[in-house]
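At the far end of the sequence shown sits residue 497, using our numbering, and the numbering has no gaps. Just so you know, even glycine gets a beta-carbon here, dropped at the ideal spot from N, CA and C.
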Amino acid sequence: MFPYMGFPYRIIGPLALLLIPPFIRNFGYRIFARNRGKIWIWIKKFTGIGDIKLDYFKDRILGLKEPIDPGWGFGDGDTIKKKAI
């Protein structure tokens with residue numbers, strides 16, 4: 413998978429697989445996997461990333477019917493941010 417990701421992952425990925433023992437990689441992944449929801453909430457609070465406005469893509473989404481829930485990414489961005497926090 414690393415060759416498809418491009419530079420610098422083409423070099424860093426295989427090196428990390430060779431240099432970091434599997435038990436350390438597995439431990440780190442388990443901690444991240446258990447807490448990924450909490451981690452993402454904190455990242456969104458501090459950076460403001462993670463919410464995508466879908467109004468631009470509304471005509472390309474199949475099966476979308478009115479009324480649309482603002483929490484899905486349509487409409488007011490403030491509603492989305494309040495819902496996430």
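The shortest C-alpha to C-alpha distance from THR459 to any of TYR421, LEU466, ILE451 is the one to ILE451. For the pair ILE424 and ARG437, the Cα-to-Cα distance works out to about 15 Å. Here DSSP, grouped into helix, strand and coil, assigns PHE486 to coil.
In this chain, the alpha helix (DSSP H) harbouring GLY440 covers 434 to 446.
The straight-line gap separating the alpha-carbon atoms of PHE435 and ARG472 is approximately 44 Å.
The C-alpha of TRP454 is placed about 16 Å away from the C-alpha of ILE443.
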